[in-house]
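Enquirer: Sequence order for the protein chains is W and E. The first sequence begins at 550 in the numbering used here and counts up one residue at a time. The second sequence begins at 550 in the numbering used here and counts up one residue at a time. Let me give you the structure first, and then I'll get to my questions.
There are 2 protein chains.
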Amino acid sequence: MSATLHPPRNSAELIAAHGGRITRTRLAVLEILQDGGHSLSHDDVAARLSAAAVPHDRVTLYRTLDWLVEQGLAHRIKGPDRAWRFNFGGEKAAQHAHFHCDRCGHVLCLESVRPDERFALPEGYRPERAELVFHGTCPDCGRQIGRNEAAGS
Amino acid sequence: MSATLHPPRNSAELIAAHGGRITRTRLAVLEILQDGGHSLSHDDVAARLSAAAVPHDRVTLYRTLDWLVEQGLAHRIKGPDRAWRFNFGGEKAAQHAHFHCDRCGHVLCLESVRPDERFALPEGYRPERAELVFHGTCPDCGRQIGRNEAAGS
DNA sequence: CGGAAAATGCTACACTGTTGCATTAGCAAT
DNA sequence: ATTGCTAATGCAACAGTGTAGCATTTTCCG
Chain W
550 MSATLHPPRN SAELIAAHGG RITRTRLAVL EILQDGGHSL SHDDVAARLS AAAVPHDRVT
610 LYRTLDWLVE QGLAHRIKGP DRAWRFNFGG EKAAQHAHFH CDRCGHVLCL ESVRPDERFA
670 LPEGYRPERA ELVFHGTCPD CGRQIGRNEA AGS
Chain E
550 MSATLHPPRN SAELIAAHGG RITRTRLAVL EILQDGGHSL SHDDVAARLS AAAVPHDRVT
610 LYRTLDWLVE QGLAHRIKGP DRAWRFNFGG EKAAQHAHFH CDRCGHVLCL ESVRPDERFA
670 LPEGYRPERA ELVFHGTCPD CGRQIGRNEA AGS
């Protein structure tokens, strides 16, 4: 069914372990999120479903992504535009920073960078969680720029 | 014309100094942004324009806000939903953090808190700017909670 | 005042996401 | 394997946020 996606056979178990029913869309989306090296928007996921010839519905996909986030199987971050991006893995356990590449538009997780306790807020504020997002050039794009410059403008 | 808004007479000069024409909407929006203690969405601004009986158009308001941001007279930050919030003052000069209150929904500027150079990113990343947003309870809401608890539930 | 350019105010549209509801399909019990 | 309950789906319709195109109005400068 999903010949073009490497199926990490435990997707089904993951879903079942969270008390959900195992469905076509959930399986495919979980695999896509695991495969994708960076965050994917709803639309990106839809495109990959189409590419893998998995029939799907817009609304069902939204609901599937919401469910994965609720269950801690994925996390959601804001993109450069006003669409959410989704990543495999829950957020709770990993309060990490993200990186928006201004060149390719990808959103990457920086697991090793955490806002933590570094900041002293003014009197009265009670922070519970911090969101840290860098903007700039990602390693891939950096390499490409390097190559282009090396090859002479 | 704008009797309910304290008019900081220099709004007009600010606009003129940036080579823009002085118009009803620009004046009113600038004053609203200066008045508002926290970030305002497009819709918040529209509501205040209505309250002040300033006729306005949705699209013009979007364009006015964009223009203010372009000119460095305001800055734009992401809100908890997918609408932008606007604040008086340019971002360039002040790369500060923001605070989303989960209770009242307001977005506040933390001028004193800056991400700066505190973080070591993995090899290859070239950050140009960092966005730091805290979520939690703001001082106002914190005080209210305190009062309610003191008064006995 | 008169004219050029900047802003405005429409209308129409695009994108992202949600709601309601009838239908289908997954899963446990039989 | 069949049955039945309920989760999940698929569809249509809608809501919120923002943008594009373009004719009209306003601002400002001489």
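Ideal Cβ placement from N, Cα and C applies to all residues, glycine included.
Would you mind listing the beta strand (DSSP E) stretches within the segment 554 to 599 of chain E that are 3+ residues and don't spill past its ends, in chain order?
Expert: Here no run is fully enclosed.
Enquirer: If you run the structure through DSSP and keep just helix, strand and coil, what is A699 of chain E?
Expert: If DSSP states are grouped into helix, strand and coil, A699 of chain E belongs with the helices.
Enquirer: If you count every other CB in all the chains shown that lies within 10 Å of the CB of S599 of chain W, and 16 or more means buried, which is it?
Expert: Per the 10 Å Cβ criterion, exposed.
Enquirer: Pull the bridge partners of C650 of chain E from the DSSP assignment, please.
Expert: According to DSSP, which records beta bridges pairwise, C650 of chain E is partnered with E:G685.
Enquirer: Determine the contact status of H587 of chain W and L659 of chain W, defining contact as a CB-CB distance below 8 angstroms.
Expert: In this structure, L659 of chain W does not lie closer than 8 angstroms to H587 of chain W by Cβ.
Enquirer: Which of the three DSSP states, helix, strand or coil, is assigned to L614 of chain E?
Expert: DSSP places L614 of chain E in helix when its eight states are reduced to three.
Enquirer: If we ignore side chains and look at the alpha-carbon of each, how far apart do R607 of chain W and N636 of chain W end up?
Expert: Roughly 18 angstroms separates the two Cα atoms.
Enquirer: Measuring alpha carbon to alpha carbon, tell me which of W:D593, W:L622 and W:S590 ends up nearest L576 of chain W.
Expert: Per the Cα distances, W:L622.
Enquirer: How is R663 of chain W classed by DSSP in three states: helix, strand or coil?
Expert: Coil, per DSSP.
Enquirer: Reducing DSSP to helix, strand and coil, say where E677 of chain W ends up.
Expert: Of the three classes helix, strand and coil, the one that applies to E677 of chain W here is strand, per DSSP.
Enquirer: Taking all protein chains shown into account, do 16 or more other C-beta atoms lie within 10 angstroms of the C-beta of R696 of chain W, making it buried, or fewer, making it exposed?
Expert: The residue is exposed, with fewer than 16 neighbouring Cβ atoms inside 10 Å.
Enquirer: Output the distance between the C-alpha atoms of Q583 of chain E and P629 of chain E, rounded to the nearest integer angstrom.
Expert: Taking the straight line joining both Cα atoms gives about 22 angstroms.
Enquirer: Interface residues of chain W around A679 of chain E at Cβ under 8 angstroms?
Expert: Ordered by position in chain W, the residues that pass the 8 angstroms Cβ test against A679 of chain E are L681, V682, F683 and H684.
Enquirer: Taking the alpha-carbon positions, what's the R612 of chain E to G685 of chain E distance?
Expert: Cα to Cα, the separation comes out at about 32 angstroms.
Enquirer: Could you tell me whether the Cβ of Y674 of chain W comes closer than 8 angstroms to any Cβ of chain E?
Expert: Yes - at least one Cβ of chain E is within 8 angstroms of the one on Y674 of chain W.
Enquirer: Distance, Cα to Cα, C687 of chain W vs A601 of chain W?
Expert: Distance between the alpha carbons of C687 of chain W and A601 of chain W: 28 angstroms.
Enquirer: Keeping to the same chain, check which residues put their C-beta closer than 8 angstroms to that of A565 of chain W; ignore five residues upstream and five downstream.
Expert: These residues qualify, in order along the chain: I571.
Enquirer: Mind pulling the chain E residues with CB within less than 7 angstroms of S588 of chain W?
Expert: Ordered by position in chain E, no residue passes the 7 angstroms Cβ test against S588 of chain W, which lies about 15 angstroms from the chain.
Enquirer: I'd like to check one pair, G654 of chain W with G673 of chain E: are the Cβ atoms closer than 8 angstroms?
Expert: It is not a contact, given that the beta carbons lie outside the stated cut-off.
Enquirer: Quick one: is F668 of chain E near chain W, going by C-beta distance under 8 angstroms?
Expert: Judged by the 8 angstroms Cβ criterion, F668 of chain E is in contact with chain W.
Enquirer: What's the gap between the Cα of L610 of chain W and the Cα of C650 of chain E?
Expert: Those two C-alpha atoms are separated by around 30 angstroms.
Enquirer: For S560 of chain W, collect the residues of the same chain with a Cβ closer than 7 angstroms to its Cβ; drop the 5 residues on either side in sequence, then sort them by chain order.
Expert: Here the set comprises L576, L579 and E580.
Enquirer: Determine the chain E residues that contact G691 of chain W at a beta-carbon separation under 7 angstroms, and present them in chain order.
Expert: Those within 7 angstroms of G691 of chain W in chain E are G673 and R675.
Enquirer: Can you tell me where the beta strand (DSSP E) holding C623 of chain E begins and where it ends?
Expert: What sits at residue 623 of chain E in the sequence shown is Ala, not Cys. A623 of chain E -> beta strand (DSSP E) spans A623 to K627.
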